[in-house]
Amino acid sequence: MRGRLVVLLVALLAGTSAPLPATAQSDSGAPQGATLRVGLQQQIDSLNPFLGYSLAATDIFRAVYPTLTTYSPQDFSVTPELAESWESSPDKLTWTFHIRRGARWSDGQPITAGDAAYTYDRMMRDPAAATANGNFVENFESVTAPDDSTLVIRTKTPQATMLAIDAPIVPEHVWSRVDDVANFPNDEMPVVGGGPFTITGYRPEQDVTLTANEDYWRGAPKIDRLQFIQFKNSDAAVQALRKGDIDVVQKLTPAQFDALAGEQDVEQVKGQGRRFFELILNPGAANSRNQPIGTGHPALRDTRVRRAIDHAIDREVLVDRVLGGYGQIGGGYLPPIFDDYHWKPPQPRRFDPALANRVLDEAGYRRGPDGTRRTPGGEPLNFDFVLHGDESMDNQVGQFVQRWLADLGIRVNLQPVSDNQVNDRTETGDFDMVISGWSANPDPDYVLRLQTCASRPSPDGGGTPDSFLCDQRYDELYARQLAEFDPAERIDLVKQAQSRFYEQATGLILFYQNSLEAYRSDRYSGFTTQPAREGVITGQQGFWGYYGAEPTREAVEGDRGSDYRTVAWALGGLIVLVGVVVVVVVARRRATAEDRE
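In mature numbering (1 follows the signal peptide of the UniProt record, and there is no 0), the protein residues as written are -24 to -1, 1 to 573.
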């Protein structure tokens, strides 16, 4: 822990600071103000909305940048956001969105249809700008803005996701000056946004501070600031919550969640998660030109080996021992929270070590004198398993898998690394096995595309590959669901695509964990959860949890009494005290950077 900032108070100062203002009130009489501090346990891959796709980054983007539509906090149904209304042509190829008037960027400039057209066009013509959300515009033929309130998108073929374009819209007058998107960090403060909050502070690996956008068209949030504070692990975040140094903690382990039961001034939140927890087996990573990349073991190119590994994994044990019962056994690609699209394998690969051993024997992967299996060419089955080093869940799963595969004669080397290293190694195919997982959207298209040939990186990098699956049948099903507007027909195609993905066994869905959170009830109330039933505060498909947070009087007065902003007192002259030439009085809020380590 770094040394604390020392606040020097000098008794000889004649003046005093200005009196604190009275507590602000909302129309309902609830106090407004304060800083909502959220414990973050994942690295932010980028503050650039064209590049960042981690859950931590997208959580911030949804609070800062507008989208055409968003999802209702009640039930994930599509609801207007920047676009007030829309209509399509009879052939579903032309979509006209009517942009709300009066919305403004945080620097006062109006938000127009031109900003949306610029954003999508940049994604269409600049490969770097398509890194995180390029799937939304791959099928676009043209995007135009006939006037400030009209956006017209024409697609090459019908596209069923036109009301689910989740790409952040950026201000053209700012981003048109950015020549190199791939190397632009977007960390010049303040960052111009158009959502309920604006990024006003960023300290890498420490925190990101967002300030309420007073001009947001829905109305200003009830809090003054939203701060995401980085923690090395969830234990440190839980301790900070107990001490009152943060207000919300997410991604709790079952043991941590249970330990917080009955804790004074702490409220627990348990909801269905949008995330699937996945073990990826490298099937022979290749780039978009089918050129092999990465370091994957050749044995994993064999579907029989991948399926045998799946038979060696006991999902019931993982849900019971790792999740403490807070979750469901994995199978289909999409989590049960989206019940329309959730698919269960009719004949799942159940835990059966004897069958797994028999499959490997019959496929020619025999045990050597040391008990380790070898390929028909004699290469030992020694696999590197990449894990998120700061995630206890990853480590527990890794140890179980290591023991189970040892019983098959497969050696597993656990390699815990940082979040960003996991991302980098996954994208470049530098792994044999790796833990992955994505938060699915109400519309399944985004995560479905991760398994297509088109998601693979170009020779220059980029792309958003997940398991490096490149299968013609899967791609056909993906394309058909994208063009299908009949809800029942599309659901059927999505389930067929999941079935094909399951057959290939490049990504083994181990479980769907519940989202376990907690917050300080003495400082905040009124959080909006999504969905309304069994919903959560953080990691939502929108900004609702933060936008609806209501601070208590204690939170408002406590933050004002320990405001971190520097207060300069006019002394009227230079005061010299025993060699002290300058005295600066700095009052900071309770949650200092030192406390967060």
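Just so you know, even glycine gets a beta-carbon here, dropped at the ideal spot from N, CA and C.
Quick one: what's residue i bridged to in DSSP?
i, result
"Y450", "Answer is none; Y450 lacks a bridge partner."
"D142", "Bridge partners of D142: none, in fact."
"A494", "V225 and Q244"
"S118", "R130"
"H364", "V393"
"V512", "Q506"
"F487", "F253 and I305"
"residue 575", "No answer is possible for residue 575: the residues shown for the chain start at -24 and end at 573."
"I205", "G15 and D183"
"S501", "E526"
"A262", "P268"
"V54", "Y47"
So, with DSSP's three-state summary, where would you put residue i?
i, result
"Y522", "helix"
"S415", "strand"
"D409", "With the sequence shown as reference, residue 409 is identified as Met, and Asp is not the correct amino acid for it. The answer is strand: DSSP assigns M409 an E or B state."
"W62", "strand"
"V388", "strand"
"H74", "strand"
"G534", "helix"
"N396", "helix"
"I269", "coil"
"R379", "helix"
"H318", "coil"
"T402", "helix"
"S431", "helix"
"F112", "helix"
"E254", "strand"
"Y422", "helix"
"R38", "helix"
"Y178", "strand"
"D123", "strand"
"R342", "coil"
"F477", "helix"
"R194", "coil"
"A288", "coil"
By the 10 Å Cβ neighbour count, where 16 or more other Cβ atoms means buried, how is residue i classified, buried or exposed?
i, result
"E493", "buried"
"A92", "buried"
"F487", "buried"
"T271", "exposed"
"M165", "exposed"
"N162", "buried"
"G340", "exposed"
"K208", "exposed"
"T428", "buried"
"F519", "buried"
"N159", "exposed"
"G354", "exposed"
"F73", "buried"
"A416", "buried"
"Q489", "buried"
"N389", "exposed"
"residue 574", "The displayed coordinates of the chain run from -24 to 573. Any statement about residue 574 would go beyond what the structure contains."
"R282", "buried"
"Q240", "exposed"
For residue i, which residues in the same chain have their Cβ closer than 7 Å to its Cβ, ignoring the five residues on either side in sequence?
i, result
"D117", "Residue identity differs from the one stated: residue 117 is Glu in this sequence, not Asp. Excluding residues within five positions, the ones whose Cβ falls inside 7 Å are R130, T131 and K132."
"R343", "R349 and G385"
"W193", "R76, G78 and A79"
"Q85", "P147 and H149"
"D451", "T428 and C429"
"R265", "P435"
"Q372", "V298"
Who are the Cβ neighbours of residue i in its own chain at under 6 Å, not counting the five residues just before and after it?
i, result
"D191", "R80"
"V410", "I256, V362 and T402"
"V54", "T45 and L139"
"T137", "D419 and D421"
"A455", "none"
"D406", "G270 and T271"
"L357", "A275, R349 and I386"
If residue i sits next to residue j, beta carbons under 8 Å apart, how far is it from one beta carbon to the other, in whole angstroms?
i, j, result
"V168", "S61", "The Cβ separation is near 26 Å, so there is no contact."
"P230", "G300", "3 Å"
"D97", "P507", "Not confirmed; about 34 Å, so no contact."
"N109", "A59", "Contact doesn't hold; Cβ gap of about 17 Å is too wide."
"P134", "A459", "5 Å"
"F327", "I289", "7 Å"
Between which residues of its own chain and residue i is the CB-CB distance below 8 Å, once the five residues before and five after are set aside?
i, result
"T528", "P7, D498, R499, Y500 and S501"
"M100", "A106, V113, F116 and V119"
"D395", "Q18, Q19, D21, S30, H364 and D366"
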